[in-house]
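Comments concern the structure below.
Chains as they are written, first to last, in my numbering: chain A, 22 to 287; chain B, 19 to 260.
Right, dumping it as structure tokens:
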């Protein structure tokens with residue numbers, strides 16, 4: 022009987038735990054600013070496709086601003102916008118689509134200093150051994166191809182659907198989808214691990230880490246979508262000045278880093 | 019109390035009660051509900067069928083490495099579900115140690131199938147079944163089984179007419195607990211089985227996806243899951259924890 026009680030207690034611990042482990046790896050923004058000007062923490066929520074480029078930009082920004090710590094919260098833009106609109110303490114938001122910046126601007130706390138800072142194209146990736154023998158966009162609509170794209174609402178997922186529409190293979194391609202990934206990086210993982218036959222991601226997601234595992238199949242320009250990335254200071258930012266400086270940095274010296282990672286100028 | 023109560027209260031406030039009927043009978047939710055019931059029930063059944071012999075061995079026999087086996091069985095309880103998912107992929111994925119074999123020989127790929135969702139749910143709920151069954155076997159008066167044997171009952175007859183009936187409460191607990199845990203499974207499922215409506219999108223995955231696009235629906239499904247959890251706890255209390 023007592024064992025059962027213990028079991029039940031342990032279960033009640035587990036149930037809420039399993040509900041929360043999916044919130045996209047949100048980082049708690051601790052506003053550790055103790056009044057002193059030496060230490061400041063800037064919280065930046067960025068689309069998951071920005072993970073590598075912003076990681077580098079953050080390090081460079083910290084180097085130029087001693088005492089400043091930049092904390093990143095990478096995830097699907099729609100999820101990040103939802104967090105901000107629910108009151109998450111975020112200073113800067115960088116979205117992979119204007120839609121979710123609009124959402125924060127109109128339905129959330131609002132933004133200032135908004136501007137577009139990069140553009141991106143999409144591409145198809147397949148595992149190196151290309152088990153489904155995919156050679157062009159039309160092949161992803163072939164019978165039995167295991168296709169993974171980001172879920173609806175996630176910019177990369179919406180762009181992928183738009184591309185299928187443009188290519189006139191919407192129905193067949195969507196029927197091949199075996200999983201709607203939570204964000205674009207999860208698509209990369211599925212393909213790189215060889216579980217999926219193909220995925221649609223940003224050109225910039227094919228980073229040095231995965232070039233050994235995946236091959237890019239280009240999407241023709243007349244079918245492809247160009248994604249525009251806006252950045253802005255969130256209105257209830259804790260570190261307004263610093264946030265503005267970070268936005269300026271991304272629009273200034275950060276442009277080179279973004280270009281190095283394959284982003285196009287806005 | 020507040021720690022547990024406040025999130026619950028938050029959910030209750032945010033739930034769109036006016037729309038709840040419409041939301042919960044939508045296609046997405048009904049599909050996810052059906053799939054969740056299928057996955058959780060299969061996981062509980064497998065956990066019981068595999069867990070019973072294991073619990074038996076842990077209680078009634080001695081063998082080298084028993085302590086290790088017991089620790090291994092409980093591991094999924096304390097392991098982060100995402101790690102479980104990564105491990106399952108490494109074992110049963112297309113390039114996994116067993117999975118590559120399944121794929122090369124039979125052309126079977128578990129990843130992104132309902133089978134994968136069941137496997138993930140079984141993995142995390144199995145320990146609960148074993149622990150409950152172990153407790154049941156331990157509390158059993160072996161003399162009753164011995165008495166039946168001396169009266170000429172076969173081993174199978176003893177099992178069927180003495181052991182299992184005496185353990186009924188713990189068997190029920192094993193099934194209910196593993197079912198409830200399987201129903202709430204998220205991390206291992208999304209990592210190993212992916213997220214596809216009707217195939218691997220169980221209720222918790224539906225909550226996660228809806229949260230990004232249709233918050234009302236996410237809250238409504240959350241309330242449904244909480245109602246089920248409550249029903250489980252009340253059911254257990256009424257029958258076993260008097």
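Quick reminder that beta carbons are idealized off the backbone N, C-alpha and C, glycines included.
Below-8 angstroms beta-carbon distance, residue i vs any chain B residue
| i | result |
| --- | --- |
| residue 276 of chain A | no |
| residue 230 of chain A | no |
| residue 53 of chain A | Note on residue 53 of chain A: pLDDT 41, under 50, position unreliable in the model; the coordinate value appears next. No, its Cβ sits nowhere closer than 8 angstroms to a Cβ of chain B. |
| residue 215 of chain A | yes |
| residue 97 of chain A | yes |
| residue 100 of chain A | yes |
| residue 268 of chain A | no |
| residue 163 of chain A | no |
Closer than 9 angstroms at the beta carbon, the chain A residues around residue i
| i | result |
| --- | --- |
| residue 208 of chain B | 43, 200, 202, 203, 207 |
| residue 227 of chain B | 172, 173, 174, 201, 203 |
Chain A contact for residue i (CB, 8 angstroms cutoff)
| i | result |
| --- | --- |
| residue 60 of chain B | no |
| residue 111 of chain B | yes |
| residue 239 of chain B | no |
| residue 172 of chain B | no |
| residue 27 of chain B | no |
| residue 31 of chain B | no |
Those residues which DSSP pairs with residue i across a bridge
| i | result |
| --- | --- |
| residue 251 of chain A | A/137 |
| residue 185 of chain A | According to DSSP, which records beta bridges pairwise, residue 185 of chain A is partnered with nothing at all. |
| residue 223 of chain A | A/143 |
| residue 64 of chain A | A/92 |
| residue 200 of chain A | A/169 |
| residue 101 of chain A | In DSSP, residue 101 of chain A forms no bridge with anything. |
| residue 148 of chain A | A/235 |
| residue 87 of chain B | Answer by DSSP bridge pairing: none, since residue 87 of chain B is not bridged. |
| residue 132 of chain A | A/255 |
| residue 285 of chain A | A/140 |
Interface partners of residue i on chain B, CB under 8 angstroms
| i | result |
| --- | --- |
| residue 130 of chain A | Ordered by position in chain B, no residue passes the 8 angstroms Cβ test against residue 130 of chain A, which lies about 17 angstroms from the chain. |
7 angstroms Cβ cut-off: residues of chain A touching residue i
| i | result |
| --- | --- |
| residue 214 of chain B | 198, 199, 200, 201 |
Contact list for residue i against chain B, beta-carbon separation under 7 angstroms
| i | result |
| --- | --- |
| residue 167 of chain A | 130 |
| residue 103 of chain A | 229, 230 |
Boundaries of the alpha helix (DSSP H) in which residue i is found, first to last residue
| i | result |
| --- | --- |
| residue 271 of chain A | 261-272 |
| residue 89 of chain A | It is not in any alpha helix (DSSP H) - residue 89 of chain A instead sits in the beta strand (DSSP E) that spans 89-96. |
| residue 202 of chain B | 186-202 |
| residue 138 of chain B | 132-156 |
| residue 65 of chain B | 45-78 |
| residue 124 of chain B | 117-124 |
| residue 128 of chain A | 119-128 |
| residue 207 of chain A | 205-213 |
| residue 156 of chain A | Where residue 156 of chain A is concerned, there is no enclosing alpha helix (DSSP H), given that its DSSP letter is neither H nor E. |
| residue 230 of chain B | 221-231 |
| residue 30 of chain B | 20-32 |
| residue 38 of chain B | 38-42 |
| residue 172 of chain B | No alpha helix (DSSP H) holds residue 172 of chain B; DSSP gives it neither H nor E. |
Span of the beta strand (DSSP E) around residue i
| i | result |
| --- | --- |
| residue 71 of chain A | Where residue 71 of chain A is concerned, there is no enclosing beta strand (DSSP E), given that its DSSP letter is neither H nor E. |
| residue 236 of chain A | 235-238 |
| residue 113 of chain A | 113-115 |
| residue 167 of chain B | Counting along the chain, residue 167 of chain B falls outside any beta strand (DSSP E), though it belongs to the alpha helix (DSSP H) covering 160-168. |
Check: residue i C-beta below 7 angstroms from any heavy atom of the ligand ADP
| i | result |
| --- | --- |
| residue 240 of chain A | Ligands in the displayed structure: none, and consequently the ligand ADP is not present. |
Contact set between residue i and chain A, taken where Cβ atoms lie within less than 8 angstroms
| i | result |
| --- | --- |
| residue 107 of chain B | 214, 216 |
message: Would the segment 187-206 of chain B count as touching the segment 60-77 of chain B if we require 3 or more Cβ pairs under 8 angstroms?
response: yes
query: Are the segment 159-170 of chain A and the segment 196-209 of chain A in contact at 8 angstroms, needing three or more beta carbon pairs?
result: Touching, per the Cβ criterion.
query: With a cut-off of 8 angstroms, do at least 3 Cβ pairs link the segment 168-179 of chain B to the segment 87-96 of chain B?
result: no
- request: Determine contact between the segment 147-160 of chain A and the segment 232-243 of chain A, defined as no fewer than three beta-carbon pairs at a distance below 8 angstroms.
  value: At 8 angstroms Cβ cutoff, the stretches touch.
- prompt: Counting pairs of Cβ atoms below 8 angstroms between the segment 250-269 of chain A and the segment 131-142 of chain A, do you hit three or more?
  reply: Yes, since at least three Cβ pairs between the segment 250-269 of chain A and the segment 131-142 of chain A fall closer than 8 angstroms, the two stretches touch.
query: Is it a yes or a no for the segment 115-124 of chain B touching the segment 20-36 of chain B, going by three-plus beta-carbon pairs under 8 angstroms?
result: Contact fails: fewer than three Cβ-Cβ distances are below 8 angstroms.
Stretch-stretch touch, CB-based, cutoff 8 angstroms, three pairs: the segment 227-234 of chain A with the segment 120-129 of chain A: no
message: Closer than 8 angstroms is the cut-off here; do at least three beta carbon pairs connect the segment 200-208 of chain B with the segment 78-90 of chain A?
response: no
- request: Indicate whether the contact test is met: 3 or more Cβ pairs, each with one atom in the segment 140-150 of chain B and one in the segment 230-247 of chain B, closer than 8 angstroms.
  value: no
message: Within 8 angstroms, do at least three Cβ pairs link the segment 41-52 of chain B to the segment 234-241 of chain B?
response: With three or more CB-CB distances shorter than 8 angstroms, the segment 234-241 of chain B counts as touching the segment 41-52 of chain B.
message: Below 8 angstroms, how does it come out for the segment 26-33 of chain B and the segment 96-104 of chain A: are there three or more Cβ pairs, yes or no?
response: no
query: Taking one C-beta from the segment 175-182 of chain A and one from the segment 151-161 of chain A each time, how about it: are there three or more such pairs within less than 8 angstroms?
result: no
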